[in-house]
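With the sequence shown counted from 1, adding 9 to any position gets you our numbering.
Beneath this line is the structure, given in structure tokens, with notes to follow.
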Amino acid sequence: MIRSKLTVIIHAEEEFDWGGGFFRSNNNITHGAELTTFVDQILATGVRVVLAMDYAFVSSEQGTKVIEHFKQQQYKNVEFASHLHPWVNPPFEEPTIDGDEIEDFYSFPGNLSADTEEAKLTSLTTLIEQKTGRRPTTYLAGRYGTGANTYQILKKLGYKLDVSISAFADFSSYHGPDFSNYTNSETSIDGIRCIPHTSGYISYCNGVANYFNRDSQNLAKFNNSFIGKVILKLLGVKRVRLSPEGYSYKEMHKLLKSLNDIGVENFIFSFHSPSVKVGLTPYIPEDKHLSKLRNDTLKLLNEFSSIRAD
Ligand SMILES: [Zn+2]
């Protein structure tokens with residue numbers, strides 16, 4: 010039985026070529042109307058939506074329209090949160106390659122100097138407060154990039170909740186944070202409540218998935234040897250995010266079941282706002298991919314609410 014709480018977190022941000030670098034000038038938002046329609050459909054399933062918005066989104070014309078549309082529902086079933094993409098967020102103090110492109114290393118806000126990270130988050134927080142009428146208290150780092158100074162800065166700026174942890178994920182091979190020791194359980198860092206973006210293991214055998222989801226060390230024992238890796242393959246062990254971007258309804262449902270079995274209480278279902286329109290993210294090259302994303306999302310969310318209500 011799935012009885013836990015689920016929140017949809019949308020990374021509301023500009024459209025950009027994900028493999029093409031990080032540019033200050035790249036701040037286009039053309040998917041506002043599609044986003045509004047889809048969020049309204051999501052809300053109809055009864056779940057809460059957090060719009061984690063970056064500077065480019067909040068300062069754009071279409072982003073402003075989205076905010077105006079949902080402003081009335083704020084803190085009932087829609088919350089406006091901060092999402093820091095350093096490359097489009099002033100003040101611009103970090104080094105650039107040619108005055109426009111910032112280095113990959115600095116695309117993770119946690120890699121900026123403490124002063125620059127704080128200055129950027131301050132300007133984003135102020136802008137969101139101006140546009141929505143409320144000061145945001147939930148934070149999502151761009152590229153999940155938290156760092157050594159992030160939680161002190163969040164505390165100083167009045168934030169209460171961070172959703173930047175991505176359970177079991179290790180982004181350190183390309184300068185990002187290492188969350189491989191984190192499961193999906195709620196935790197607290199420097200007094201800030203942290204709820205991870207839901208991610209975990211599925212397998213042909215439910216008991217095996219539960220074993221790996223329970224403790225981050227359990228998979229490492231298998232991954233360290235050739236035989237272990239063969240066993241993982243035979244058991245169909247796969248890591249899945251609770252996201253319709255690249256994962257099917259079936260995979261997400263299996264993940265929810267396993268995490269619910271082991272007592273995870275909070276789930277974060279997430280996707281990037283440009284995925285609501287064809288051709289803007291690598292996940293949605295054609296119409297058929299968009300239909301699948303919409304259908305899978307609404308099916309899973311509808312089911313989640315009805316099972317909870319049992
Ligand atoms: Zn983002």
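All C-beta atoms in this analysis are idealised placements derived from N, C-alpha and C, irrespective of residue type, glycine included.
Close beta carbons around residue i, own chain, < 8 Å, minus the five adjacent residues each side
i	result
residue 40	24, 71, 282, 283, 285, 286, 289
residue 238	231, 232
residue 172	18, 59, 61, 90, 147, 148, 149, 203, 204, 205, 206, 277
residue 188	153, 174, 175, 176, 177, 178, 179, 180, 205
residue 5	Any answer about residue 5 is impossible in this case: the structure gives the chain only from 10 up to 319.
residue 165	127
residue 249	208, 209, 210, 211, 256, 260, 261, 263, 264
residue 104	111, 112, 115
Residue i burial status per 10 Å Cβ neighbour count (16 or more: buried)
i	result
residue 310	buried
residue 183	exposed
residue 147	buried
residue 319	Below a pLDDT of 50, predicted positions are generally treated as unreliable, and residue 319, at 39, falls in that range; no measurement from the model is reported.
residue 77	exposed
residue 293	buried
residue 299	buried
residue 259	exposed
residue 111	buried
residue 152	buried
residue 274	exposed
residue 253	buried
residue 305	buried
residue 122	exposed
residue 236	exposed
residue 240	exposed
residue 10	With a pLDDT of only 43 at residue 10, under 50, the local geometry of the prediction cannot be trusted, and the value read off the model is given with reservation. Exposed is the call here.
Same chain only: Cβ atoms within 6 Å of residue i, ignoring 5 sequence neighbours per side
i	result
residue 109	32, 33, 34
residue 261	251, 309
residue 263	211
residue 79	87
residue 196	203
residue 170	147, 202
residue 102	125
Residue i: CB within 7 Å of a non-hydrogen atom of ligand 1
i	result
residue 63	yes
residue 20	yes
residue 92	yes
residue 167	no
residue 151	yes
Of the listed residues the options, nearest to residue i (C-alpha basis)
i	options	result
residue 58	180, 15, 43	15
residue 267	240, 306, 193	193
residue 145	156, 154, 133	133
residue 46	303, 313, 165	303
residue 135	189, 91, 257	91
residue 95	82, 124, 77, 81	124
residue 213	247, 103, 130	247
residue 51	274, 80, 18, 74	18
residue 291	272, 275, 27	27
residue 256	301, 112, 157, 69	301
residue 243	218, 222, 224, 200	218
residue 265	254, 29, 156, 222	222
residue 36	166, 275, 157, 66	66
residue 64	127, 107, 137	137
residue 99	75, 83, 127, 113	127
residue 22	55, 161, 93	93
residue 107	191, 143, 30	30
residue 143	158, 168, 272	168
residue 75	280, 129, 44, 83	44
One or two residues paired with residue i in a DSSP bridge
i	result
residue 209	249
residue 20	61, 281
residue 14	275
residue 83	87
residue 148	91, 171
residue 204	Residue 204 is not bridged to any residue.
residue 187	179
residue 31	111
Neighbourhood of residue i by C-beta, 7 Å cutoff - its chain only, sequence neighbours within 5 removed
i	result
residue 229	none
residue 154	117, 118, 119, 120, 185, 186
residue 73	140
residue 68	136
residue 163	148, 171, 201
residue 54	307, 310, 311, 314
residue 161	199
residue 225	177, 189, 190, 191, 192
residue 158	123, 126
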